[in-house]
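Numbering (the working numbering), first residue to last: -7 to 397. C-beta: ideal position from N, C-alpha, C; glycine also. None of the values given here were measured: they were computed from a predicted structure. Reviewing the structure listed below.
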């Protein structure tokens, strides 16, 4: 089978986000299973046979390409989507890739509704993967113009979701909520397929005897969605009972919106909301390479995901792989990842007091924390390994191809 995949960046080191991590994991598994895989990103097609092909469209196209793209353009106009000019260019690039090396099936994300535009340009099944439908995200402070853009994007994504040949989602909550808000019939082809992760025998393991007690780690952007502000306020409360606690934050500083178009960066936030004593116990490292984050996972007493919303957190999966104790906010679908009290702890979204209490409880009971981390590691191997998830996804592809035949 020749499988087409789309990614916002490639190679994976070019940009770290959940979509790239997902695509990288399934890409490698499909290749290992003997399939030909072509990945389309940034106007380039990367094939698993080692070739790279530019998909840049020249201003003056050769006659053949002109006829191809003109025909595609006529089919794109009925479903413009959000950012339609960009979507049409993406569709033209994918159509060119398909003409050069025909796909059997293509998978891409739902963002901006572009999968509808692409499906009109191809005659093969296009699988729409729900990585984070805009309609589900809790939006921060928005201007009137931004709210209009949000509505346009949500409408375009809803059209793509309704028309998708096959819809996959990482959690049941995302699938159900997205179908309800977009108007997609739940009887149409759809599947809940977790985000996968590669687990290597040589992966290092977290050990209670080697971690730094009272050391808390958060990995994620400093912005509204990732909820670092909740953790920072919780950490100040925690210091009242555990003054030796330390907090390390890793991720880019995008800032938290305080009014439309204006953000408060990390330094300004801690100066305004935290005491000088609390600030001394916080180490904000900014953006790090993946290999620089690995030793931090092993040293931390526990990892906290403070997000207001997630589709399926790779920070949790990466913590499970090493067996580190985990706490996550209770975003919709988090129950599919963390079994509360069995493989980690779930705490209410946006509640610093509850978060501080849960963190303090695990720090006070290190043996329980270690048991949760070990259970999370076992569940990750059984449920989220790329071998398990990748094979389920291949089964879905075959089903979609049979329906299209």
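Evaluate the contact criterion for the region 333 to 347 versus the region 155 to 173: three or more CB pairs, one atom per stretch, below 8 Å.
-> No, they do not touch.
Output the distance between the C-alpha atoms of residue 329 and residue 366, rounded to the nearest integer angstrom.
-> Spanning the two alpha carbons is a distance of roughly 15 Å.
Taking only runs of the beta strand (DSSP E) that begin and end inside the region 243 to 308, which ones reach a length of at least 3 residues, in chain order?
-> Taking 3 residues as the minimum length, the beta strand (DSSP E) runs contained wholly in the region 243 to 308 are 248 to 251, 254 to 256, 274 to 278 and 294 to 297, in order along the chain.
From 19, 356, 379 and 78, pick the residue whose C-alpha is nearest to that of residue 294; which is it?
-> Nearest C-alpha to residue 294 among 19, 356, 379 and 78: 356.
Grouping DSSP H, G and I as helix and E and B as strand, with all else coil, what is residue 434?
-> As shown, the chain starts at -7 and ends at 397. That puts residue 434 outside it, with no answer to give.
Endpoints, the alpha helix (DSSP H) within which residue 216 is located = From DSSP, residue 216 is part of no alpha helix (DSSP H); its letter is neither H nor E.
Complete alpha helix (DSSP H) runs within the region 157 to 206 (minimum length 4 residues, chain order) = Correct list: 164 to 174.
Thinking C-alpha only, which one of 146, 136, 140 and 109 is nearest residue 124?
-> Closest option to residue 124, Cα to Cα, is 146.
Residue range of the unbroken beta strand (DSSP E) whose run includes residue 447 = Residue 447 lies beyond the stretch modelled for the chain, which goes from -7 to 397, so this question has no answer here.
With respect to the alpha helix (DSSP H) encompassing residue 144, which residues constitute its N-terminal and C-terminal limits?
-> That run of the alpha helix (DSSP H) goes 136 to 155.
Do residue 319 and residue 354 have their C-beta atoms closer together than 9 Å?
-> The answer is yes: Cβ separation under 9 Å.
Hey, how far is the Cα of residue 184 from the Cα of residue 160?
-> So the two alpha carbons sit approximately 6 Å from each other.
Give the straight-line distance between the Cα atoms of residue 276 and residue 260, rounded to the nearest whole angstrom.
-> Roughly 13 Å between the two C-alpha positions.
Any idea which residues DSSP pairs residue 238 with across the strands?
-> Answer by DSSP bridge pairing, in chain order: 207.
Hey, how far is the Cα of residue 464 from the Cα of residue 218?
-> Since the displayed the chain opens at -7 and closes at 397, residue 464 lies outside it and no answer follows.
Could you check if residue 115 is buried or exposed, using at least 16 other CB atoms within 10 Å of its CB as the buried criterion?
-> Answer is exposed; the Cβ neighbour count stays below 16.
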